[in-house]
Amino acid sequence: MFIPATPEEVRDLGWTRLDVILISGDSYLDSPFVGVSVIGQRLLAAGYRVGIIPQPDMGSKKDITRLGEPVLFWGVTGGCIDSMVANRTASGKRRREDDFTAGGINNRRPDRAVIAYANLIRRHFKQTAPIVLGGIEASLRRIAHYDVWSNRVRRSVLIDAKADFLLYGMAENTAVELAARIREGRDVSDLRGLCYAAAERKPGFQELPCWEEAAADPAAFEKMFLVFYRNQDHRTAQGLCQKQDSRWLIHNPPATPLTEAEMDDVHGMNFERAVHPSHRRDGEVRALETVRFSIATHRGCYGGCHFCAIAVHEGRQVSSRSETSILREAKLLASLPGFHGRILDVGGPTANMYGFECRKKLLLGACSDRNCLYPGVCENLRPDHRRQIALLRKLREVPGVKQAIVASGIRYDLMLADRKHGVPYLREVVRHHVSGQMKVAPEHSEEKVLRCMGKPGIASLPAFRDLFRKLTAEAGKEQFLTYYLIAAHPGCTQADMEGLRRFAVRQLALQPEQVQLFTPTPATISTLMYHTGRDPWSGRGLFVEKTAAGRELQKKILVAKNGRFGYGDGGHRQITGGGKLMGKDKDVKKDTKKKPSKTLKEKKEAKRLKKTGKAGEA
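If you're matching positions, the sequence shown starts at 204 in the working numbering and goes up one per residue.
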């Protein structure tokens, strides 16, 4: 069932007052892919009376007051995406569209949404129930953090919002435990995955440089961030505290990741997998198209890429669902109205990390001195794709499922490191689970940039590409690889982008058409580098492109047509998803596009020759 979003729905359930009211920056999409829905459904399953107010009007009290005042707490989230990322492009321009808003127009989510909503609550409810922040915006801004949109180090969002508590990470269990303790009048100060403000520092917790020091001195900020970053593992993390103005931010150690049985329980809850009826008059929520017929098989990530927040938000330990749970969900999807036989994604952003984990990590916690996949795949990880192969084969046998697509997130280095089952896994995917193109994420080609990104070298990419082509040919299919690439990452210069273009043209036979500008989001190593201009591991200075013109130029170097930046493609082009494959590649169809128009210099030269009567000689 939907979480009640209107007074009528609350009355229909026979409730007079709610225990918890959730506020979200998104339209209400009830799905296991949406954090606020998971939290709400989990609280409902535990017996609490829960309501939700999606995207309340900031200019009046009509929305924020419509469900009354909760008994236990308000739960506030900016939505599935940090509100500043949702509202601004990488270049800082206001986004006009929003996939998580009904109708698609970006006019419902305020900037710094968790702060705005906390203020809205207090404006209309004096001395109210505790305000609890959660979701990715709160999670990644839970300590002093660099904010690129204001170009300064801001305090914890808990302090700026004047909220009572903050739940970070994947907080299903933490939210239920918090509700129980508040109801029973028990102390919450030792709850894992919780942050709160106090008048004094907490004994035994590690002290971080204070906010004022971190804001004034990049070296102090770097020291603060690295201590924070190294205390993310639930087995080894210490509690942290940081003075912010006259108060102390108390940061408890992370919550324990869900077990397989708990993961199954979460995904087995009664989600509607639809948009709440109250949004129908406003139009469709485009995000539903992506998640309605998709299946998340696990959470967490081995990668620890420096620009990615998954490891900080979900953790470095991968928690997988059981095969039984996943197949049950596939059968459910096949029974839904509008399902046409295709599961649009199986896995999520870390597709081939399902079903195995480092035994050493499970016993002792994540290593503090290295990542699982960088600089190479750790010998202790022992990747094993057997469970994934078995799962994919069984998904194909589910009645009504014509195809289950592995849409993105395959780490080709992880696949190649599995000497026994990596190639059989790729063969399985290529034959049955690719929808025309497979997306992989080398991100860059230049070694020093990849080192700043925490990504391994690209030596294995050509081998993976050749294997993909070979298996595709054996399957008798026409399928392509597309590549995620990043411009303007800390450490990346224009010369590095020219090197990436050369690699794409010469090694991948690709003229890139899509490239992502690096966006400095809170709580990532890459954002630390962006702010300080230093490599935190070596202490050496880094070139960081911060000007809008320079960032755009890096992007244009990669996507420039007809070699305008010095690297021509010989006139061979064919559109294939994330780029244009070059005609010299034996797998590419004959080029049928028009020849490139003459450059301005060529036109002037032709005009000069015509005037002098020498055009024929040219």
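The C-beta atom is built at its ideal place from N, Cα and C for all residues, glycine as well.
Buried versus exposed, by CB contacts within 10 Å (16 or more), residue i
i, result
"residue 591", "buried"
"residue 562", "exposed"
"residue 362", "buried"
"residue 167", "Residue coverage of the chain in this structure runs from 204 to 821, which leaves residue 167 outside it and unanswerable."
"residue 245", "buried"
"residue 305", "buried"
"residue 746", "exposed"
"residue 327", "exposed"
"residue 346", "buried"
"residue 796", "Caution applies to residue 796, whose pLDDT of 38 falls short of 50 and renders its modelled position unreliable; the model cannot decide the point."
"residue 740", "exposed"
"residue 732", "buried"
"residue 669", "exposed"
"residue 679", "exposed"
"residue 500", "buried"
"residue 550", "buried"
"residue 784", "Only weak support is given to the placement of residue 784: the predicted model assigns it a pLDDT of 41, under 50, and the question is left unresolved by the model."
"residue 280", "buried"
Neighbourhood of residue i by C-beta, 6 Å cutoff - its chain only, sequence neighbours within 5 removed
i, result
"residue 395", "455, 456 and 458"
"residue 769", "Note that residue 769 has pLDDT 39, beneath the 50 cutoff, so the model's placement of it is unreliable and no number is given."
"residue 699", "649 and 652"
"residue 416", "423"
"residue 438", "568"
"residue 514", "504 and 507"
Residue i versus the options, residue with shortest Cα-Cα distance
i, options, result
"residue 539", "527, 526 and 497", "497"
"residue 218", "593, 736, 274 and 724", "274"
"residue 564", "731, 425 and 519", "519"
"residue 724", "693, 583 and 300", "693"
"residue 319", "260, 523 and 269", "260"
"residue 691", "679, 730, 706 and 685", "730"
"residue 738", "477, 443, 436 and 509", "509"
"residue 637", "605, 506, 663 and 257", "605"
"residue 414", "427, 404 and 506", "427"
"residue 530", "607, 383 and 439", "607"
"residue 469", "231, 525, 481 and 441", "525"
"residue 227", "404, 324, 466 and 593", "324"
"residue 643", "615, 619 and 635", "615"
"residue 748", "720, 726 and 762", "720"
"residue 711", "695, 683, 696 and 585", "683"
"residue 241", "262, 294, 697 and 378", "378"
"residue 659", "403, 506, 697 and 409", "506"
"residue 621", "301, 601, 753 and 583", "583"
"residue 533", "600, 238, 640 and 294", "600"
"residue 474", "353, 232, 449 and 388", "232"
"residue 351", "295, 681 and 282", "295"
"residue 452", "462, 411 and 239", "411"
"residue 418", "370, 446, 409 and 595", "446"
Rounded C-alpha distance that separates residue i from residue j
i, j, result
"residue 568", "residue 255", "36 Å"
"residue 321", "residue 580", "43 Å"
"residue 573", "residue 543", "44 Å"
"residue 491", "residue 367", "32 Å"
"residue 278", "residue 713", "47 Å"
"residue 575", "residue 331", "45 Å"
"residue 303", "residue 406", "42 Å"
"residue 757", "residue 687", "15 Å"
"residue 193", "residue 631", "With the chain covering 204 to 821 only, the question about residue 193 has no answer from this structure."
"residue 250", "residue 376", "14 Å"
"residue 444", "residue 656", "28 Å"
"residue 623", "residue 734", "43 Å"
"residue 709", "residue 442", "50 Å"
"residue 555", "residue 270", "43 Å"
"residue 448", "residue 401", "11 Å"
"residue 212", "residue 307", "26 Å"
"residue 436", "residue 764", "46 Å"
Beta-carbon contacts of residue i that lie in its chain and below 7 Å, excluding the five residues immediately before and after
i, result
"residue 516", "339, 342, 343 and 372"
"residue 243", "206, 225, 253 and 255"
Contact with chain C by residue i, beta-carbon distance below 8 Å
i, result
"residue 643", "Among the chains of the structure shown, chain C does not appear; only one protein chain is present."
Whole-angstrom C-beta distance between residue j and residue i, which should lie under 8 Å
i, j, result
"residue 472", "residue 248", "6 Å"
"residue 317", "residue 364", "6 Å"
"residue 548", "residue 610", "4 Å"
"residue 552", "residue 612", "5 Å"
"residue 629", "residue 598", "About 17 Å separates the two Cβ atoms, so there is no contact after all."
"residue 333", "residue 267", "Not really, about 16 Å apart at Cβ, beyond 8 Å."
Contact set for residue i: own chain, Cβ-Cβ below 8 Å, skip 5 residues either direction
i, result
"residue 297", "290, 291 and 309"
"residue 222", "246, 251, 252, 253, 273, 274, 275, 382 and 386"
"residue 487", "305, 306, 307 and 478"
Check: residue i C-beta below 7 Å from any heavy atom of the ligand FAD
i, result
"residue 716", "Absent from the structure shown: the ligand FAD. Ligands present: none."
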